[in-house]
Each structure stands twice: as C-alpha cells, then as structure tokens.
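Mapping of the sequence shown onto numbering that gives the first Met the number 0: residues 0 to 183, in sequence order.
C-beta: ideal position from N, C-alpha, C; glycine also.
Have a look at the structure below before the remarks.
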Amino acid sequence: MDKAIWIVDGNNLIRRDPEYSRMLHRGSWEAASRALEGDLARFRRAQGRGHSVVVVYDGVEGPDSRDRSTKGLRILRAGDRTDADRLVLSEVQRHEGRTEVHVVTSDRQDIGSRLRGLRVIWHTVEEFVGELRRGRTRRQRATERLAPEEPEEKPSAPSGHEIDHWLEIFGGSGTGDDDGSGES
C-alpha cells in the first residue's frame, strides 16, 4: 500500500517522552502539544503524499479544545464524548484494510491489547520518537529552548527491615544490619 495513516496517542507520547514531558512539568500543556504537533507535521511531510497523521488527546486541556485539521495532520480531542483510547481504536477500525495503519502508543493495557488481531503496525513511543526527531532541521534543534534537565534524586538505601524482608522472600540469611563489608 502506498498510503499510510499514523494514529498517535498524544497524551501517552507527551507524558513518556522526556522533552515533551519537561514542557508539561513546567506547566505548559499547550507548549508540549504544540511542539508535538509541529514535529508530527514535519514527520508527515517527510513521509510524502498519501500519508496522514492523526493525534488523539484525552479531555479538553488547553485553550484550543476543538478538533482541527491541516494538510494531512488531524488533531482530535476526546472531550466529554469518549476517552482517547476509544477514539484511537475507532480511528484504527475506520482505516483498517483501506490503508496501512500505524499506531503510536506505549499503552499496552488499554490500547495495545485491543489491537491484537487487527491489521496494524504498532510502535511504542520510544521507537517512534527517534523517527519523529529525525524530521527536524538542524536549525530547529539548535534553537529549541529546553529547561536544563533536573537530576533525578537517588533512592535511599533499604532499611535493615527491608533487607530482611527480601532475603526472606528470595532466600539467604542476614539481619539487615550488614555493614556492607561482605563479612558476617
């Protein structure tokens, strides 16, 4: 098939990708969704004629809560009528068999499990993002302003009680009072 449609779970992609997620955590759903939509528009153009992209969002977040469409990119918002998972599946069923259907989501439970048996190509967010970013120009990448990455906090060491608990489950001996030297 020469034609293809890419159906993207927008909320899932924004929340799972570090770049869009940083924008979201800085308090701007609109900035994250606009950045994603810009990247998807470039991706669609790079795919060529006959290819289209549908991005589906949950709810009505942001000031522009209407469904809209422009040059091969459709933006759908589930709103009150349904949820985004059902809307993604509805789009799959609408296009399945008539064109090559690609679904982009890392939501294995609510979407992935329902895609079994359908003629679709499933991409996780992590797989797709690399492809999506290749469509950016060098200038766009150089001018993007992202907040510096905040270092992740290192988890605290387990307590003696936690160590005893895990040793009890997985076998072994110990009191959890080990000084880390390896000697008893």
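Query: Integer Cβ distance of Thr98 from Ile4, believed to fall under 8 Å; Result: 5 Å
Query: DSSP-derived helix/strand/coil call for Ser89; Result: helix
Query: Check whether Ile120 and His101 have beta carbons under 7 Å apart; Result: yes
Query: Environment of Thr104 [buried if 16+ CB atoms lie within 10 Å]; Result: buried
Query: Helix, strand or coil at His164 according to DSSP, with G and I counted as helix; Result: helix
Query: Environment of Ser158 [buried if 16+ CB atoms lie within 10 Å]; Result: exposed
Query: Helix, strand or coil at Glu109 [DSSP, three-state]; Result: The sequence shown places Asp at residue 109, rather than the Glu named in the question. Of the three classes helix, strand and coil, the one that applies to Asp109 here is helix, per DSSP.
Query: Range covered by the alpha helix (DSSP H) that runs through Asp38; Result: Trp28 to Gln46
Query: Coil, strand or helix - Gln139 by DSSP; Result: Bear in mind that the predicted position of Gln139 carries a pLDDT of just 49, short of 50, making it unreliable; the figure below should be weighed with that in mind. Three-state result, Gln139: helix.
Query: Cβ neighbour criterion (16 or more within 10 Å) applied to Glu90; Result: buried
Query: Endpoints, beta strand (DSSP E) assigned at Leu75; Result: Leu72 to Arg76
Query: Buried/exposed call for Gly96, threshold 16 Cβ in 10 Å; Result: exposed
Query: Residue span of the beta strand (DSSP E) that contains Val53, given as start and end; Result: His50 to Tyr56
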